[in-house]
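Read in order, the letters of the sequence shown correspond to residues 328 to 696 in this note's numbering. These notes are about the structure you will find just below.
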Amino acid sequence: MLLILHPNTSESDPDFIKTLAHLKQLPDVKVRQHQVSGQLQNLREIYLLGDTLALDLEEIESLPAVEKVIRISEEYRILGRHKDQQRSSGFHYQGLRFDQESLHIFAGLCAVDNPKHVEEMLKALQANGLSCTRMGAYKPRTNPYAFQGHGKSCLPWVFDLAGKYGTKVIAMEVTHESHMQEIDQALADAGNPCGVIMQIGTRNTQNFELLKAIGRQNTYPALLKRGFGITLNESLNAAEYLASEGNNQVIFCLRGMKSEFGAPHRNMVDFAQVPTVKRLTRMPVCIDPSHSVGSRDVAPDGVLELCHATAQGVLAGANMVLVDFHPAPEKALVDGPQALTINELEPFLKDMEIARKAYLERVAVWQNV
Ligand code: PEP
Ligand code: MN
């Protein structure tokens, strides 16, 4: 059962104290609190878990701090919509709003290689008005002998460069809980020049201990990639692990499914499910066209297939795009063949602008039906 409290209810409110005291004495019911930071107000939510079927809805609704009570289903308890289209979604981070209405482009290197390439990339992003990027320092590789990423040794200069070029947020994959601590330390040492979103890769979607560790903190939001060989439901449940531990700043990323039927694409592109994830949950939805399409192949119309796929995701309402770029793809240590080049950044952004405008126009058409 979900209890939405009156806006801006604080912990010291007598009404809140009275309400909490009543809830805590309910038999076989666990009380879990969540803070939701909205644009105009802060909302406090309380989840009652356990034997809630016997509870009287009206009685709970009459508690002084309670505005609204929603019975929630078993699945996606915290991140789910539960048939309530009005529930707010998303969060603020580094002065940016991440929700199901916004759109942020995270263009950058699949893997950090050297300061020159990172600087060229960040400089180009700044010149094009972008303040988010992707930078892989810890790379989960299929082959144990392949480059595994520079790890914590590159963090000081990556963060310094981020500060120099006004980068606000970096999406960075972590494959172990200790990486989060390394990032935390390096950010503090650099004077916190930017923020980091903890990316959980497709190979770790169901690494529950990693999810729980990232879920136990609230400093960094999480970007969870869909598992490439499990159902959508299983991946959404994995996202719920993050929230169940207390971190509901979660972005869900579609990145394609492993299947021979997707060939010649690297993965079967799954961006038709952008609206599905938005319907089932309140998470902002990201698309990763680079790891789904996986090549620089160009369609007969002159547009890269990767850009066509990105536009399809944006047209369907995607809220974030995670895309590989590299100043010199032939020199990239990871995934060079799918990286766009710096001179493709401007047309890429123009293309996305057109797709985004078309998406908003499409929504307007259907709103009056
Ligand atoms: C990545 O984004 O660098 C990556 C490895 O993606 P995925 O986990 O989707 O394969
Ligand atoms: Mn990659």
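We put the CB at the ideal spot given by N, CA and C, even for glycine.
Near ligand 2, residues with a Cβ at less than 5 Å from any of the ligand's heavy atoms are Cys437, Asp662; the list follows chain order.
Nearest to His592 by C-alpha distance, out of Pro664, Val604, Leu550, Glu657, is Pro664. Not one heavy atom of ligand 1 falls within 7 Å of the beta-carbon of Glu632. For Ala540 and Glu572, the gap between their C-alpha atoms comes out near 8 Å. Lys410 sits in coil when the DSSP states are folded into three classes, being neither helix nor strand. Taking non-hydrogen atoms of ligand 1 into account, the C-beta of Thr494 is found less than 7 Å away from none of them. In the structure shown, the three-state DSSP call for Cys521 is coil. In the structure shown, the three-state DSSP call for Asp511 is helix. In terms of side-chain proximity, the C-beta atom of Asp615 is found nearer than 7 Å to a non-hydrogen atom of ligand 1. In this structure, Gly554 and Gln421 do not form a Cβ contact; the two beta carbons are roughly 28 Å apart against a cut-off of 8 Å.
Cα atoms of Ala392 and Thr336: separation of roughly 7 Å, rounded to the nearest angstrom. Counting only runs of 4+ residues, the alpha helix (DSSP H) found wholly inside the region 433–498 occupies 442–454, 482–491, in chain order. Note that the region 405–425 does not touch the region 614–629; fewer than 3 beta-carbon pairs, one per stretch, sit closer than 8 Å.
Residue pairing for Tyr420: DSSP places it in a beta bridge opposite Leu423. With fewer than 16 other Cβ atoms inside 10 Å of its own Cβ, Asp378 counts as exposed. Judged by their CB atoms, Val661 and Gly478 are not nearer to each other than the 8 Å cut-off.
When secondary structure is reduced to three states using DSSP, Gly556 falls in the coil class, being assigned neither helix nor strand. Note on geometry: alpha-carbon atoms of Asp678 and Val612 lie some 19 Å from one another.
Looking at the backbone, the Cα of Gly518 and that of Phe486 are separated by about 9 Å. Rounded to the nearest whole angstrom, the C-alpha separation of Phe588 and Gln453 is 39 Å.
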